[in-house]
Ligand SMILES: [Zn+2]
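Residue numbers (the working numbering): -12 to 271.
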């Protein structure tokens, strides 16, 4: 088993990394180098010796007995984006996905934890000047309430850019099914509502053979938020609700001891939440 693969009962989980980098955490104003260095348990995986946070953008492939599901589709290639460092990417994401045993045609389902630019990008790819679904045989699942909220943001250019090139084309192709935030997707896979970062944000629960795991999505972006769940995240839609969701979820994960996959957690990316004092830490 490679470093980026896990087994939960009958479900094989594979992490496909689009990019990983160290730097200041611009979404978390309180995550200064000084504050990050005050959490030595973050090193070496989630912070470097200078107090920079290490973050990842990746997809998780869930290979279940009856379907292959891709959770979150990263940024994508060739996209025009407001943030320079996310624009016109040329990564090997699709080649890496194929090399892992999952050519795009083999994917049965695509699931986005929420509709933000770094979770929907590979929904489409550029072919002869047109944005076409990357996964032509897949059903794409978007949260109903999440899409209602997102669709209403068209006036905001940072939403419009990805709605137009990464969401609308798959809706127009008839590949999207809008789901409830607590829907059971298959025998092993269920959605869990985790609102706050966005209104219809979901996490993804995997349960098989007596083992459990969860994919967080962006109700937290970095393990430092386990020790400081009340730190404000500037990308959260509703700060108090996001704080409440973080604490409730982390409390539950610590009690259950299940395997936790952070959507932006750097390698090795999965681990267990443990209670330390009032709040938590992450053990890998
Ligand atoms: Zn994200």
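Note that beta-carbon positions come from the ideal geometry of N, C-alpha and C, so glycine has one too.
Secondary structure of residue 60 (DSSP, three-state): coil.
Following the DSSP letters along the chain, one finds residue 112 inside the beta strand (DSSP E) bounded by residues 111 to 114. At least one heavy atom of ligand 1 falls within 7 Å of the beta-carbon of residue 250. DSSP places residue 172 outside both helix and strand once states are collapsed to three, so it counts as coil. Buried is the label assigned to residue 64, since at least 16 other Cβ atoms lie within 10 Å of its Cβ.
When the five nearest sequence neighbours on each side are left out, the beta carbons in the same chain lying within less than 8 Å of the beta carbon of residue 4 are those of -9, 43, 44, 45, 83 and 254, in order along the chain.
Residue 230 and residue 245 have their C-alpha atoms some 21 Å from each other.
Taking the Cβ of residue 205 as the reference point, at least one heavy atom of ligand 1 falls within a distance shorter than 7 Å. When distances are taken from the beta-carbon of residue 105 to the heavy atoms of ligand 1, the shortest one is below 7 Å.
Note: residue -1 is bridge-paired with -6 and 50 in the DSSP secondary-structure output. For residue 13, the three-state secondary structure derived from DSSP is coil.
Residue environment: residue 79 is assigned as exposed (fewer than 16 neighbouring CB atoms within 10 Å of its CB, all protein chains considered).
Less than 8 Å separates the beta-carbon of residue 186 from that of residue 224.
For residue 214 and residue 266, the gap between their C-alpha atoms comes out near 5 Å. In this structure residue 60 is buried. Its beta-carbon is surrounded by 16 or more other beta-carbon atoms within 10 angstroms.
Counting the other Cβ atoms within 10 Å of the Cβ of residue 208 gives 16 or more, which makes it buried.
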